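Here's the structure, in structure tokens; my notes come after.
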Amino acid sequence: MRMKVVKLTGGSRKNRWDVEKLNHTRHNDEYKKEMRKKLETREEEIDIEEEWKNLKESIMDTAETVLGRRTTRKRKEWFDEECEKRTEAKNQARNRWLKTGNLKDLENYKEKRKEAIKHCKHKKESWIRELMQEVEVNNRDSRKLYELIKHRNSTSKKTQRIDNKRWETYYTELFREEKEITGRKKEKVEMEDSNNEDDAPSYDEYMEIIAQFKTKKAAGPDQTSNELIKQGGHKLLSRVYRILVAVWESETMPEEWKTGLLIPLLKKGDPTQCSNYRGIMLLNTTYKILTSIIRKRLTEYTETKLGEYQNGFRKGKSTIDAIHVISQIIEKSYEYDIELHILFIDFKQAFDNINRRSLVEEMQQMQIPEKLIKLTKMTMDNSRARISTTEDVTNEINIERGVRQGDALSTTLFNIALDGAIKAAGLDRPITVSSTQVIAYADDIALITRDKKSLGAALQKLVTETEKRGLQLNQDKTKYMIVSRRKTDHIKETNLGSYTFKKVENFKYLGVNVNEKNERSAEIKERIQAANKAYWKYQRYLKDHHINRATKIKIYKAAIRPVATYTAETMRLTTTDEENLGIFERKVLRKIAGPRRTEEGEYRTLMNHEKGT
217 MRMKVVKLTG
227 GSRKNRWDVE
237 KLNHTRHNDE
247 YKKEMRKKLE
257 TREEEIDIEE
267 EWKNLKESIM
277 DTAETVLGRR
287 TTRKRKEWFD
297 EECEKRTEAK
307 NQARNRWLKT
317 GNLKDLENYK
327 EKRKEAIKHC
337 KHKKESWIRE
347 LMQEVEVNNR
357 DSRKLYELIK
367 HRNSTSKKTQ
377 RIDNKRWETY
387 YTELFREEKE
397 ITGRKKEKVE
407 MEDSNNEDDA
417 PSYDEYMEII
427 AQFKTKKAAG
437 PDQTSNELIK
447 QGGHKLLSRV
457 YRILVAVWES
467 ETMPEEWKTG
477 LLIPLLKKGD
487 PTQCSNYRGI
497 MLLNTTYKIL
507 TSIIRKRLTE
517 YTETKLGEYQ
527 NGFRKGKSTI
537 DAIHVISQII
547 EKSYEYDIEL
557 HILFIDFKQA
567 FDNINRRSLV
577 EEMQQMQIPE
587 KLIKLTKMTM
597 DNSRARISTT
607 EDVTNEINIE
617 RGVRQGDALS
627 TTLFNIALDG
637 AIKAAGLDRP
647 ITVSSTQVIA
657 YADDIALITR
667 DKKSLGAALQ
677 KLVTETEKRG
687 LQLNQDKTKY
697 MIVSRRKTDH
707 IKETNLGSYT
717 FKKVENFKYL
727 GVNVNEKNER
737 SAEIKERIQA
747 ANKAYWKYQR
757 YLKDHHINRA
767 TKIKIYKAAI
777 RPVATYTAET
787 MRLTTTDEEN
797 LGIFERKVLR
807 KIAGPRRTEE
817 GEYRTLMNHE
827 KGT
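All the letters of the sequence shown, read from the start, carry residue numbers 217 to 829 under my numbering.
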């Protein structure tokens, strides 16, 4: 057993309301009763700002009185203070022996080492036993079970500290509006009244949105989590609804709703570089209810007008659709010996760079009702953010461009902006009309043509239009591939117009390996390899005798098998591929079943045909 002294870190996370209590009838009833009393003592204000202020205070006061704060401390592993103390004593004894060379000190060191190993081994075994018993106790509560095993197997990397000033400078520059957009006149967009305005949402429509809100989600800057609104009772829900209607009709919203809490999440690469983080915005729950209603109304207009190429964040479409289309195009082209030139396009921080002025113009050209355009513009005007860092939160910064990732409207608005660029470039035509095709999932775009010249021309048109809308091509991350039966030139780079792109033999598109030889077996091997990583990650649960077989099967089906079967709908399996997948599954099931005792009294691992017995 290897041991080392580690620094035990304590401290609590930011205090949050103990909303778990709302799952109990007594606390739930008490919360609704107290909320009703609070609201009855506060008259409804005409002014939206004052009404929201009173409503928020009522929610906060009631949550403090009934629920209280939940302090979540970091869970300690088996190596506790006693283990640290014994290990330190062992190390001191060893250092003493190394200095003196005395036989008595050597015997003392051996004794201390024996005690430390024995104690730590006992602690670790007890910890594992308690962990497995906890997993088994929660086997009927899927959410708690998966949260538990994910926490215990967390491999998240702790990022390096970046001081507040650097974060402020980086995001201030990122969100600053460009003075000019190439090829697009900077004109004020006139918002003319239109008879084609959407009415305020009905109470039923509002409640439908409320019902869709999930629990156990991070709250925004105002700390009003989804549970506090959903479980607040009819009185609270009615007051919130009236605020939303007032905002809808007046096209002005409380100032607090304009500020979000930006959480930088490391994507990959150097953790000391701000550009390697994706900023996710936490927003007020009441604001999210409003934007969810606006998005629902917008979708009714956009779904009939967005091109079929776009599979991102649309009802009835997913990554599977995009993967299937590109797989079929490559397969049929390979079958009929048609050469394909594919460019996998990447934009620099696409969601954060959308030009808002151009976005409003695209909405008008889509003939979206003026009311919805005004409400959308309202959500973007004077928007701000504070950045949550390892130290604290920064000062407020202005967000002058882009759509906020975390906002219900962001994906729909991005699709509108990109669709305008695709159509203006003339790249939205069906395959029966044009040999140039576009496949997209949000900003993950594949541009496909039959020759390099056509690809260069299509790229130039697309870049011209996307730049008008604020999007900048990322030359380093955009890759070029040729799919052909014939042997292609072994070049490392290719020039398309003024750009130089790296030529690749395979590319990871939406999590799937696309290669120039149309070999799907390579993808199957990668899926099995990824599933093996998941298998080793959860192996301790699959072999522990404190957990019954039904729970182990549940863990396998939820956390391991989906990794192997991702995009299974699009897989074209050979006999060898099927055998390899079967071998992997039998290996896992063999571990779950464990050894069996034979009639001769020996224990052995089951053969394939015996696992069902």
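Cβ atoms here follow ideal geometry from the backbone N, Cα and C, with glycine treated the same way.
Small disclaimer: the values here were computed from a predicted structure and weren't measured.
Buried or exposed (CB count within 10 angstroms, at least 16 for buried), Arg702: exposed
- request: Within the stretch 509-591, note down every full beta strand (DSSP E) run reaching 3 residues or more, in order along the chain.
  value: 556-561
query: Phe630 by DSSP, collapsed to three states: which one?
result: helix
- prompt: Expressed to the nearest angstrom, what Euclidean distance is found between the alpha-carbon atoms of Leu556 and Met697?
  reply: 8 angstroms
field: alpha helix (DSSP H) runs contained entirely in the stretch 405-459, provided each spans 4 or more residues
entry: 419-428, 442-446
query: What residue from Phe723, Leu499, Thr628, Arg494 has the CA that sits closest to Ile542's CA?
result: Phe723
- request: Tell me, please, which residues DSSP counts as bridged to Ile763.
  value: Partner(s): none; Ile763 has no beta bridge.
message: If contacts are defined as beta-carbon pairs under 8 angstroms, then Thr440 and Lys272 qualify, I think. What distance do you get, rounded to the angstrom?
response: 7 angstroms
- request: Use the C-beta contact count for Ile799: other C-beta atoms within 10 angstroms, 16 or more gives buried, fewer gives exposed.
  value: exposed
query: In this structure, what does DSSP give as the bridge partners for Gln688?
result: DSSP lists no partner for Gln688.
- request: Taking Gly497 as part of the beta strand (DSSP E), name the residues at either end of that continuous run.
  value: Note that residue 497 is Met in the sequence shown here, rather than Gly. From DSSP, the beta strand (DSSP E) with Met497 extends over 493-498.
query: Between Leu322, Thr431, Ala332, Ile776, which lies nearest to Lys306 when the distance is taken from Cα to Cα?
result: Ala332
message: If you follow the alpha helix (DSSP H) that Glu709 is in, where does it begin and where does it stop?
response: Unbroken run through Glu709 is the beta strand (DSSP E), 709-712; no alpha helix (DSSP H).
Alpha-carbon spacing of Phe567 relative to Arg310, whole angstroms: 58 angstroms
- prompt: Touching or not, the stretch 631-641 and the stretch 669-688, by the rule of three or more beta carbon pairs under 8 angstroms?
  reply: yes
query: Where Leu283 and Asn500 are concerned, what is the direct C-alpha to C-alpha distance, given to the nearest angstrom?
result: 20 angstroms
field: Limits of the unbroken alpha helix (DSSP H) element including Val654
entry: Careful: Val654 lies outside any alpha helix (DSSP H), inside the beta strand (DSSP E) at 653-657.
- request: Have a look at Ile570 and Asn614 and give me their C-alpha separation to the nearest angstrom.
  value: 15 angstroms
query: For Val619, which of helix, strand or coil comes out of DSSP?
result: coil
query: What do you reckon, are the CB atoms on Thr786 and Ile584 nearer than 8 angstroms?
result: no
message: Does Tyr782 come out as helix, strand or coil in the three-state DSSP assignment?
response: coil
field: Alpha-carbon to alpha-carbon, Arg666 and Ile831
entry: Since the first residue of the chain shown is 217 and the last is 829, residue 831 is not available in this structure.
- prompt: Since Asn748 is in the alpha helix (DSSP H), which residue starts that stretch and which ends it?
  reply: 737-753
- prompt: Roughly how many whole angstroms lie between the Cα atoms of Met582 and Arg511?
  reply: 15 angstroms
field: Length of the line joining the Cα atoms of Gln349 and Leu478
entry: 38 angstroms
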